[in-house]
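Asks:
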Ligand code: ADP
Ligand code: MG
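Numbering (full-length UniProt numbering), first residue to last: 417 to 711.
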């Protein structure tokens, strides 16, 4: 590859809304045959909204939202933003937590108005031996079957509410995935979210059910990339979150959403400036063409 031809490729990339870290990046795209796509913020908009609040007997929605919203206000996670915004709208001004901790891939925990509060996946509550009562479990299962993310809320040792949040698939995602397939690439959906939500998003954008990897902890995303590489695949990873950074760095080609976190952008080889997944296909086509002309 001559440096001049590669530089021409990177200039064209900028026109397409693709920032390339260095000309050598184009080389790594040549062998890519698999594209791992993060779900939230990459395939979906990442802007979630609170859709419903289910409570245990004797608990009001306002109460649950006040405590959950107070904690989530301190988190940047798309789920947290939805809960905090919904809570502020429905329960008024939120108290400031006395204590707060983010539990990556699981949720948040802390102290609000003297109550020990947990908000997140059922697994987060499980770590404290807290279990969802039957009626909340049913609400959770129904929400997930409908393709929504269910967030459990517990305080003082008991599960007391389930919140339903959801975001939408970007209207460019299905076309982007078609274009990736046209380039001979296999798309794989990778997410920390639950299996039912992941399956519903996959169906909507045209990813095969067997190519969905869900309920993956943030630190395990990089292992998924390594496992695919160990199978002999050359892997591109597309992501936007802090929890995607290690996988972006490990992939043969890391593509960061320009609308995502700084951590993802720093870890990636390429940035899709507009956060449009179609640019991922453009980037791969461009580099193949650039390298093709110089061979
Ligand atoms: P993704 O891989 O889709 O970007 P994450 O790994 O960041 O998702 O999160 C996985 C799941 O953990 C979320 O779908 C949500 O159920 C739960 N979760 C993470 N952070 C929070 C939070 N702040 N509040 C509630 N739930 C959370
Ligand atoms: Mg994400």
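Cβ atoms here follow ideal geometry from the backbone N, Cα and C, with glycine treated the same way.
Would you kindly work out how many angstroms separate the C-alpha atoms of residue 664 and residue 549, rounded to a whole number?
Replies: Distance between the alpha carbons of residue 664 and residue 549 is about 39 Å.
Asks: Under DSSP, the alpha helix (DSSP H) around residue 445 begins and ends at which residues?
Replies: Note, residue 445: alpha helix (DSSP H), 440 to 445.
Asks: Taking just the CA atoms, how far does residue 438 sit from residue 710?
Replies: Because residue 710 sits at a pLDDT of 44, beneath the cut-off of 50, its placement in the model cannot be relied upon, and the point is left open.
Asks: CA-CA distance, residue 672 and residue 474?
Replies: Rounded to whole angstroms, residue 672 to residue 474 spans 45 Å at the Cα level.
Asks: Which same chain residues end up closer than 8 Å to residue 519 when comparing Cβ atoms and leaving out the 5 residues on each side of it in sequence?
Replies: 525, 536 and 540.
Asks: Which residues are close to the ligand ADP, meaning CB closer than 6 Å to any heavy atom, in chain order?
Replies: In chain order, the hits are 454, 455, 456, 488, 491, 493, 495, 496, 521, 522, 523, 524, 535, 536, 537, 565, 567, 607, 608, 609, 634, 657 and 659.
Asks: Have a look at 564, 562 and 531 and flag the residue whose alpha-carbon is nearest the alpha-carbon of residue 574.
Replies: Cα-wise, what sits closest to residue 574 is 531.
Asks: My output table needs one value for residue 509: the three-state DSSP class, helix, strand or coil.
Replies: DSSP places residue 509 in coil when its eight states are reduced to three.
Asks: Pull the bridge partners of residue 434 from the DSSP assignment, please.
Replies: In the DSSP output, where bridge partners are listed per residue, residue 434 has 688.
Asks: Give the range of the alpha helix (DSSP H) segment to which residue 526 is assigned.
Replies: No alpha helix (DSSP H) holds residue 526; the beta strand (DSSP E) holding it covers 523 to 528.
Asks: Pop quiz: residue 691 and residue 675 are said to be a contact at Cβ under 8 Å. What is the actual Cβ separation, rounded to whole angstroms?
Replies: Between residue 675 and residue 691 the Cβ distance is about 3 Å, and since that is below 8 Å, they are a contact.
Asks: Tell me where the alpha helix (DSSP H) around residue 593 begins and ends.
Replies: 589 to 598 is the span of the alpha helix (DSSP H), which, as asked, contains residue 593.
Asks: For residue 660, does the three-state DSSP call read helix, strand or coil?
Replies: DSSP places residue 660 in helix when its eight states are reduced to three.
Asks: Measure the alpha-carbon distance for residue 522 versus residue 706 and round it to whole angstroms.
Replies: Approximately 42 Å between the Cα atoms of the pair.
Asks: Kindly give me the distance between the Cβ atoms of residue 455 and residue 607, rounded to whole angstroms, as I take these residues to be in contact under 8 Å.
Replies: Confirmed, about 4 Å.
Asks: Please classify residue 626 as buried or exposed, where buried requires at least 16 neighbouring CB atoms within 10 angstroms.
Replies: Its Cβ having fewer than 16 others within 10 Å, residue 626 is exposed.
Asks: Is residue 434 near residue 680, with beta carbons less than 9 Å apart?
Replies: No, they are not a contact pair.
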